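Sequence order for the protein chains is A and B. Residues in the first sequence are numbered consecutively from 1, following our numbering. Residues in the second sequence are numbered consecutively from 1001, following our numbering.
Number of protein chains: 2
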Amino acid sequence: MSAPTYIINGSFNHHITPLDRGFSYGDGVFRTMKMRGGLPLNWPLHYQKLVADCAAIGIVCPSAELLMRDFEQLFTLQDADKQAENVAKIVITRGEGERGYQPPAVTSPTRVVIKTSLPQYLAMYDEAGVTLTLCQTRLSAQGKLAGVKHLNRLENVLARMEWRDEAIFDGLLLDQHHHVIECTMSNVFMRVGNTLFTPDLSQCGVAGVTRQCVLNVAHVLNLKPEITTFTFEDVLKADEVMICNSLFGCYQVTRMLDQTWPMQSMARSFKQLLAEQSVNA
Amino acid sequence: MSAPTYIINGSFNHHITPLDRGFSYGDGVFRTMKMRGGLPLNWPLHYQKLVADCAAIGIVCPSAELLMRDFEQLFTLQDADKQAENVAKIVITRGEGERGYQPPAVTSPTRVVIKTSLPQYLAMYDEAGVTLTLCQTRLSAQGKLAGVKHLNRLENVLARMEWRDEAIFDGLLLDQHHHVIECTMSNVFMRVGNTLFTPDLSQCGVAGVTRQCVLNVAHVLNLKPEITTFTFEDVLKADEVMICNSLFGCYQVTRMLDQTWPMQSMARSFKQLLAEQSVNA
């Protein structure tokens, strides 16, 4: 596992200053994606989401060309092996400002790309599923920021600090009305018969790219996708529970608290479908 | 107005990296305070609040001695004039981490002190009061973070972006139940008869040091302080409305939307009382 490297505004020599509004206020957005052979998987979807998230808080997203040039500098030259996999994290902030919440009349976004190793997801998870805990931290509702992957992530941090048991893969997060929203680092689905439910994220949560891919291809598995509101108890009664993100794809949940589910095939089928359809641009 | 200068972990040569969790997640807290002759006003109260806010998110706050040494390096030598006033902002983050919400097993907090000029508050505001707008952005409820001045401040940024009219000094923020909480950069009080009401901040908002000072000295002005829940309509009907923060002290609100209040004496009395009681340690 090599140390992370990064490039700031296209240069290896730039720094973040404490005047950056990303540092001061979490005034920015980010994306995490898998890289293969120095190129991002599903880049069109990730860039589209990056632009939308920037727009949600009034930042003009840097061009895809600039980001591709960053990828080239940070990844391609070192990762000639076309199958080499690692992780890119893009952070876009509103840029620097002196003090005070009002953005300067003219801002120049800060653009950071960070390269890290792909976490060593155990092959076992594909075969045996993963265990979730139920987080006590409740997500707050903020319609203006819901769905957006912004830099205000203290709730995720506090939730993730609730457990240290390495047997627990992720934690389920509810909102303040006790509705299921997501996990700390993944989106969640539950299958009941032929319907595939996933939480409505109009008040909180992050609407991930892989979640959207799953919704798009559900019909291939003869599943009817439905975005709705449901409770933790509904999840416990579901036929099958699945989590997803851009790094590990899809995993079935086989244990949550005292509830267990037998290993089934849906998560692996989605994972394979998504892998087949993914674009390595 | 001179450019901001700063010191990171006690050194003028250190940088913030994009791996700092303050930058990645807003995983940290901050304080803003007035400096006079190179020394902070009301330092004991500010440091106490800094320690409490760090503790709320599980960060061990650096010692007061370290921060005082930062002040000495950043302020004292350059500000020999004992009456010179400027602003110190302290930012404490959880430190660096690779990727993922879980903090590393061992973290070393990042400590930043930034020196900026004191904003040119117009003397007119003491004489004529200030104008507030009503923000459309609603504060979300999060009991675990309420009252804490953490780095997740996108709601304040979005709220502050709602107006550009320089005649408006600050914007009133409500929670999702339409209760008054605070302004974007100040706490709020309303006087009804001899009772001085200020919002309950147990679900959202920042419990500022100056708010606490006002509550502590209210009895001197024969006012009965009361922390409670009230609406925007209650504020419009109040006898007197006041906002406060550590930089400008207290200002009376003389206009909000179509409502106006005649200039009275409470805000100036509080400002004077607080100035008399402030410690320039």
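Even glycine gets a Cβ: it sits at the ideal position worked out from N, Cα and C. Remember, predicted model here, so these are calculated numbers, not experimental data.
| task | Using a Cβ cut-off of 8 Å (strictly closer), state whether B:D1027 contacts chain A. | result | Position 27 of the second sequence, counted from the start, is the residue given in the question as residue 1027 of chain B. Closer than 8 Å to some Cβ of chain A, the Cβ of B:D1027 qualifies, so yes.
| chain B contact residues for A:L174, given Cβ-Cβ distances below 7 Å | Here residue 174 of chain A refers to the residue found at position 174 of the first sequence. Those do not exist, as A:L174 stays about 13 Å from chain B at its closest Cβ, beyond 7 Å.
| request: May I ask which residues mark the beginning and end of the alpha helix (DSSP H) holding A:S24? | output: Within the first sequence, residue 24 of chain A is the residue found at index 24, counting from 1. From DSSP, the alpha helix (DSSP H) with A:S24 extends over R21 to Y25.
| task | Could you have a look at B:M1266 and say whether DSSP puts it in helix, strand or coil? | result | As a first step, residue 1266 of chain B is located in the second sequence; it is residue number 266 there, counting from the start. It is helical.
| Can you tell which of A:I59, A:P262, A:Q102 and A:R31 has its C-alpha closest to the C-alpha of B:M1161? | Within the second sequence, the letter at position 161 stands for residue 1161 of chain B. The shortest Cα separation from B:M1161 among A:I59, A:P262, A:Q102 and A:R31 belongs to A:Q102.
| said: Is there a C-beta anywhere in chain B that falls below 8 Å from the one on A:N156? | reply: Stepping through the first sequence from its first residue, residue 156 of chain A is reached at position 156. With 8 Å as the cut-off, A:N156 counts as an interface residue toward chain B.
| request: List the residues that DSSP assigns as beta-bridge partners of B:N1086. | output: For this step, residue 1086 of chain B is matched to residue 86 along the second sequence. BP columns for B:N1086 point to B:M1035 and B:S1117.
| message | Between A:I243 and chain B, is the shortest Cβ-Cβ distance under 8 Å, so that the two count as touching? | response | Numbered from 1 along the first sequence, position 243 holds the residue referred to as residue 243 of chain A. False, the Cβ-Cβ gap to chain B never drops below 8 Å.
| Span of the beta strand (DSSP E), counted from its first residue to its last, around A:N156 | Mapped onto the first sequence, residue 156 of chain A falls at position 156. A:N156 -> not in any beta strand (DSSP E); alpha helix (DSSP H) instead, spanning L154 to R160.
| field | Boundaries of the alpha helix (DSSP H) in which B:V1051 is found, first to last residue | value | Reading the second sequence from its first residue, position 51 is the one you call residue 1051 of chain B. First-last of the alpha helix (DSSP H) with B:V1051: W1043 to A1056.
| said: Could you check whether the Cβ of A:S140 sits closer than 8 Å to any Cβ belonging to chain B? | reply: In the first sequence, the residue the question calls residue 140 of chain A occupies position 140. Yes - at least one Cβ of chain B is within 8 Å of the one on A:S140.
| task | Note down, in chain order, all residues in the segment 88–101 of chain A with a beta-carbon under 9 Å from any beta-carbon belonging to chain B. | result | K89, V91, T93, R94, E98, R99, G100 and Y101
| said: Tell me which residues of the segment 1049–1066 of chain B have at least one Cβ-Cβ distance to chain A shorter than 7 Å, keeping chain order. | reply: I1057 and G1058
| request: Indicate the three-state DSSP secondary structure (helix, strand or coil) for B:H1179 in the structure shown. | output: Taking the first residue of the second sequence as position 1, residue 1179 of chain B is located at position 179. In this structure, B:H1179 counts as strand in the three-state DSSP scheme.
| said: For B:F1012, count the other beta carbons within 10 Å of its own beta carbon; 16 or more makes it buried, fewer makes it exposed. Which is it? | reply: On the second sequence, position 12 is the one that residue 1012 of chain B refers to. Exposed: under 16 other Cβ atoms inside 10 Å.
| Distance, Cα to Cα, B:P1225 vs B:V1235? | Reading the second sequence from its first residue, position 225 is the one you call residue 1225 of chain B. Reading the second sequence from its first residue, position 235 is the one you call residue 1235 of chain B. So the alpha carbons of these two residues sit roughly 15 Å apart.
| said: DSSP three-state label for A:L151, please. | reply: Along the first sequence, one-based indexing puts residue 151 of chain A at 151. Coil.
| query | Can you list, in chain order, the residues of its chain whose CB lies under 6 Å from that of A:S202, leaving out five sequence neighbours each side? | reply | Within the first sequence, residue 202 of chain A is the residue found at index 202, counting from 1. Once the five neighbours on either side are set aside, the close Cβ partners of A:S202 are A146.
| What is the rounded straight-line gap between the Cα of B:T1133 and the Cα of B:L1039? | Stepping through the second sequence from its first residue, residue 1133 of chain B is reached at position 133. Stepping through the second sequence from its first residue, residue 1039 of chain B is reached at position 39. Straight-line Cα distance between these residues: approximately 34 Å.
| field | Opening and closing residue of the beta strand (DSSP E) in which A:F189 lies | value | Residue 189 of chain A sits at position 189 when you count from the first residue of the first sequence. Run containing A:F189: N187 to V192, per the beta strand (DSSP E) assignment.
| To the nearest angstrom, how far is it from the Cα of A:D170 to the Cα of A:N187? | Within the first sequence, the letter at position 170 stands for residue 170 of chain A. Within the first sequence, the letter at position 187 stands for residue 187 of chain A. Going from the Cα of A:D170 to the Cα of A:N187 covers about 10 Å.
| task | Closer than 8 Å by beta-carbon distance: list the chain A residues that pair up with B:G1022, in chain order. | result | As a first step, residue 1022 of chain B is located in the second sequence; it is residue number 22 there, counting from the start. In chain order: F23.
| said: For B:L1019 and A:E65, I'd like the C-alpha separation in whole angstroms. | reply: Indexing the second sequence from 1 puts residue 1019 of chain B at position 19. Indexing the first sequence from 1 puts residue 65 of chain A at position 65. In a straight line, the C-alpha of B:L1019 is about 24 Å away from that of A:E65.
| field | Nonlocal neighbours in the same chain, by C-beta distance under 7 Å from B:V1141, ignoring five residues either side | value | In the second sequence, counting from the first residue as 1, residue 1141 of chain B sits at position 141. The question names Val, yet the displayed sequence has Ala at residue 1141 of chain B. Correct list, in chain order: D1175, Q1176, Q1203 and C1204.
| field | Proximity winner among B:V1112, B:D1258, B:I1243 and B:N1280, relative to B:R1125 (alpha-carbon distances) | value | In the second sequence, counting from the first residue as 1, residue 1125 of chain B sits at position 125. Inspection of the sequence shows that residue 1125 of chain B is occupied by Tyr rather than by Arg. Of the candidates B:V1112, B:D1258, B:I1243 and B:N1280, the one whose C-alpha sits nearest the C-alpha of B:Y1125 is B:I1243.
| Contacts that A:N152 makes with chain B (C-beta to C-beta distance below 7 Å) | Here residue 152 of chain A refers to the residue found at position 152 when the first sequence is read from its first residue. Those are G1026, N1152 and L1154, listed as they occur along chain B.
| field | Beta-bridge partners of B:E1096, as assigned by DSSP | value | Here residue 1096 of chain B is taken as the residue at index 96 of the second sequence, counted from 1. Paired residue(s): B:D1020.
| query | Going by other Cβ atoms of all chains shown within 10 Å of its Cβ, with 16 needed for buried, is A:T93 buried or exposed? | reply | Residue numbering aside, residue 93 of chain A sits at position 93 when the first sequence is read from its first letter. A:T93 should be labelled buried.
| said: Against chain B, does A:Y6 count as a neighbour if the rule is that its beta carbon must be under 8 Å from one of theirs? | reply: Counted from its first residue, the first sequence places residue 6 of chain A at position 6. With 8 Å as the cut-off, A:Y6 counts as an interface residue toward chain B.
| request: Alpha carbon to alpha carbon, how far is B:N1280 from B:L1139? Give it in angstroms, no decimals. | output: Along the second sequence, one-based indexing puts residue 1139 of chain B at 139. Along the second sequence, one-based indexing puts residue 1280 of chain B at 280. Each residue's Cα considered, the two are about 34 Å apart.
| request: Using alpha carbons as the reference points, say which of A:N86, A:K89, A:S117 and A:I16 lies closest to A:G97. | output: As a first step, residue 97 of chain A must be located in the first sequence, where it is residue number 97. When only C-alpha atoms are compared, the closest one is A:I16.
| request: Using a Cβ cut-off of 9 Å, pull out every chain A residue sitting near B:V1112, in sequence order please. | output: Here the question's residue 1112 of chain B lines up with position 112 in the second sequence. Near B:V1112 (Cβ distances below 9 Å), the residues of chain A are P18 and F23.
| request: Using only alpha-carbon positions, find the residue among A:N152, A:L274, A:G143 and A:A207 that is nearest to A:F248. | output: Start at 1 with the first residue of the first sequence, and residue 248 of chain A comes out as number 248. Ranking A:N152, A:L274, A:G143 and A:A207 by Cα distance to A:F248 puts A:L274 first.
| field | Whole beta strand (DSSP E) elements within the segment 230–280 of chain A, 3-residue minimum | value | 240–245 and 249–256
| Can you tell which of A:S108, A:L74 and A:K149 has its C-alpha closest to the C-alpha of A:I114? | Indexing the first sequence from 1 puts residue 114 of chain A at position 114. Among A:S108, A:L74 and A:K149, the Cα nearest to that of A:I114 is on A:L74.
| field | B:Q1264 versus A:R99: straight-line alpha-carbon distance, rounded | value | Position 264 of the second sequence holds residue 1264 of chain B. Position 99 of the first sequence holds residue 99 of chain A. Those two C-alpha atoms are separated by around 31 Å.
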